[in-house]
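The sequence shown lines up with residues 416 to 973 when you count with the numbering used here. Idealized CB from N, CA, C, for every residue including glycine.
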Amino acid sequence: MSTILAIASLAVVGVAAVWNWGAVEILSHAVVEKAFATLGAQYDRPAQAVPQAAAAAKPASSGGPSMTPVVSNGTPASAIAERSKIAGPARAAPAGELCGIGDKLTIAFYERVELEEDKWGRGSGSALRGLVQRPELSGPYTVQDDGTISVPLLGAIRVAERSTLQVRTDLAEAFDQLLGHKGVVNILSVEHAPIYVLGPVKSPGSFKYVSGMTVLHAMALAGGLDRAASEPWQKIEAVRESLRRSGSADAMLKLLARAAVLKAERDGAEPKIPLRLIDLAGAAEAANLVREQADRRKVIATARINRERTLQSSLEAAKQDVAVYGRTEALDDLVKLRQERANSMRALADRNVISATVMNQVQIELTDAEQRKREALNQYATAKQRLATLEAEGFRIQADIRNDLEVEIEAIERQIADNEREYNISDGVLNTLPAVRAQKEANRTTYQVVRQTATGPVAIESNGMTVLQPGDLVNIIVNEGDAKTQANSNQANSSQVNSSQVNSSQANPSQVNSSQVNSNQAGSPAPAASPTDRPPVGRTSDRKEIGRAVADQTTAPK
416 MSTILAIASL AVVGVAAVWN WGAVEILSHA VVEKAFATLG AQYDRPAQAV PQAAAAAKPA
476 SSGGPSMTPV VSNGTPASAI AERSKIAGPA RAAPAGELCG IGDKLTIAFY ERVELEEDKW
536 GRGSGSALRG LVQRPELSGP YTVQDDGTIS VPLLGAIRVA ERSTLQVRTD LAEAFDQLLG
596 HKGVVNILSV EHAPIYVLGP VKSPGSFKYV SGMTVLHAMA LAGGLDRAAS EPWQKIEAVR
656 ESLRRSGSAD AMLKLLARAA VLKAERDGAE PKIPLRLIDL AGAAEAANLV REQADRRKVI
716 ATARINRERT LQSSLEAAKQ DVAVYGRTEA LDDLVKLRQE RANSMRALAD RNVISATVMN
776 QVQIELTDAE QRKREALNQY ATAKQRLATL EAEGFRIQAD IRNDLEVEIE AIERQIADNE
836 REYNISDGVL NTLPAVRAQK EANRTTYQVV RQTATGPVAI ESNGMTVLQP GDLVNIIVNE
896 GDAKTQANSN QANSSQVNSS QVNSSQANPS QVNSSQVNSN QAGSPAPAAS PTDRPPVGRT
956 SDRKEIGRAV ADQTTAPK
């Protein structure tokens, strides 16, 4: 009984295999794919799409089995057709993008074949067309220097300066002419030649090319300029010195503006904006600072002006008093007249012409006139003394104001000199830090693009916005002007040495060797100063000169 059941089961399995031949074929192709993967003979096979067995085979309306067309790796032909449209790799090549020398193309070839006749007795009507990948043709290809790729059996195919669509068409035509079959060619990806970055960057070398990238993009990929700012102590020192220099600069701005206002007040003129203030803050900001300090000084200046006006009024009043009290001519005449009357009356009294009472009355009138004269003289003296006091007070006030201004100006200039010194020290420390020096040198960076052409490599000067092409080399040059200047200086010095040697040899033929040695010692060029040893150019040197001038002016004897 068990034997009968086993035979029946085998019969059922056989019938199921006949009706589900598609699933059996899928399973067999999966085994073949595994073997190819193990042997390493498969190149860039598209992603697998394993259909379910139930969907792989469906009964046809005629009662016979109907199979879905598949390729040799078990993928349905419809999936392959769809996949050829969407190009499944990570970076599909745009149809309009041109290929170039050094590009790496990953190409997959598929051949259209007729499936063998059904070995289970199905008629020829069940034979379907399928796609079989050609691993001996598929794989990566690099565009050679002549602009072609060499494909086995197909030969050299022109690729350079052609789009991927044109290359794919040429490959398909060559494939059809060789095999006589319609095939499918798919360019899975295009990897362009890398670009190269050379110069003082953090990570020089080769980098993957991306369409549309510029020189600045390449510089960013290389990590930017190598500013040697990775040490923490440099960052801390740079921040500290930057804050110190900023504080000194801010203090100098206010001090310079205040000094200009005080000097104008001392000289009785309009404030003049110092050149140093313009150098630090600019013309507009310098004018605003001077105007602000002048507004703050207006309160003190107004009080001083009011005090001077009051003093001037007192002086005018004192002068009027002196003028009034100085008019004693009438009193002098009155005293003289009464003195003459008293003398005449005294003569009459001596002759007993008038009585003693009358004489006493005349004497009292004389005494009264003399008293009035003395009082007038006293008031005149008091007025003159008051006038002298007011004038002295006016001179003292003017002297005090001028002295206060001079003292304040001197103190401000000392503070300016101190801040200038601190500013220069901080600036010097910052200039010695590699990170800050590289930051300043970045402003003098030039770019050069070396590009391969049909006539050979050419150098292209760039400002950083040049669009790169595959295979370009970006050369970053820092301080090219300084290097050229130094080279020219060395060349001039060397030519001067040579000329001095020739002159000395012509002048003293008998002492050629000794004169040459002496001329070499006397005219040999000094070692070229490094960029860090050269004195700073521009504002830094101006700051030092101004700082020394201010210090000399401050310490000079008054």
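Note down the Cα distance separating residue 679 from residue 702, rounded to an integer number of angstroms.
14 Å
Less than 7 Å between the beta carbons of residue 606 and residue 513, yes or no?
no
Considering only residues of the stretch 557-620, which uninterrupted beta strand (DSSP E) runs meet the minimum length of 3 residues and lie entirely inside it, listed in chain order?
563-566, 570-573, 598-606 and 610-613
Residue 740 lies in the alpha helix (DSSP H); which residues open and close that run?
698-740
Local conformation of residue 523 per DSSP, three classes:
strand
Considering just the uninterrupted stretch of the alpha helix (DSSP H) at residue 844, what are its terminal residues?
771-847
Alpha carbon to alpha carbon, what distance is there between residue 695 and residue 842?
14 Å
Which residue wins for smallest C-alpha separation from residue 674, given the options 813, 709, 631 and 641?
709
Measuring only the C-alpha atoms, how far is residue 616 from residue 526?
50 Å
Using 8 Å for Cβ pairs, my map puts residue 658 next to residue 602. What's the rounded Cβ distance?
With 8 Å as the limit, residue 658 and residue 602 do not qualify as a contact, their Cβ atoms being about 58 Å apart.
If we ignore side chains and look at the alpha-carbon of each, how far apart do residue 611 and residue 848 end up?
29 Å
Could you pull the DSSP bridge partners for residue 877 from this structure?
862
Are at least three pairs of beta-carbons, each pair with one atom in the stretch 804-821 and one in the stretch 773-781, less than 8 Å apart?
no
Can you have a look at residue 518 and say buried or exposed, based on whether 16 or more other CB atoms are within 10 angstroms of its CB?
buried
The beta strand (DSSP E) spanning residue 651 covers which residue range?
No beta strand (DSSP E) holds residue 651; the alpha helix (DSSP H) holding it covers 647-682.
Residue 882: first and last residue of the uninterrupted alpha helix (DSSP H) it sits in
First-last for residue 882: undefined, no H or E at that position.
For the alpha helix (DSSP H) holding residue 553, just list the boundary residues, first then last.
First-last for residue 553: undefined, no H or E at that position.
Roughly how far, in whole angstroms, is the beta-carbon of residue 726 from the beta-carbon of residue 692, given that I think they are within contact range, below 8 Å?
With a Cβ gap of about 35 Å, residue 726 and residue 692 do not count as contacting.
Is residue 867 helix, strand or coil when you go by DSSP?
strand
Among 582, 567 and 568, the one whose alpha carbon lies nearest that of residue 574:
582
Burial state of residue 488, where buried means 16 or more other Cβ atoms lie within 10 Å:
Per-residue confidence for residue 488 stands at a pLDDT of 43, beneath the threshold of 50, marking its modelled position as unreliable; no derived number is given.
Thinking just about the alpha-carbon of each residue, which of 599, 598, 631 and 600 is nearest to the one in residue 613?
631
Name the two residues that bound the continuous alpha helix (DSSP H) containing residue 758.
744-765
Output needed for residue 761: all residues of its chain with C-beta closer than 7 Å, excluding positions within five of it in sequence on either side, in chain order.
774
What residue does the alpha helix (DSSP H) around residue 634 start on, and which one ends it?
630-636
In three-state terms, what does DSSP make of residue 891?
strand
Provide the residue(s) that pair with residue 545 in DSSP beta bridges, ordered along the chain.
528
Look at the alpha carbon of residue 561 and the alpha carbon of residue 584, and state the distance between them as a whole number of angstroms.
20 Å
Cβ atoms of residue 788 and residue 752: under 7 Å apart, would you say?
no
Apply the 10 Å Cβ neighbour rule to residue 885 and answer buried if 16 or more other Cβ atoms are within range, or exposed otherwise.
buried
Pick from 743, 861 and 671 that is closest to residue 792, judged by C-alpha positions:
743
Could you tell me if residue 834 is buried or exposed, where buried requires 16 or more neighbouring beta carbons within 10 angstroms of its beta carbon?
buried
Taking just the CA atoms, how far does residue 546 sit from residue 861?
55 Å
Beta-bridge partners of residue 872, as assigned by DSSP:
867
What separation, rounded to the nearest whole angstrom, lies between the Cα atoms of residue 822 and residue 714?
19 Å
Indicate whether the contact test is met: 3 or more Cβ pairs, each with one atom in the stretch 585-600 and one in the stretch 875-892, closer than 8 Å.
no
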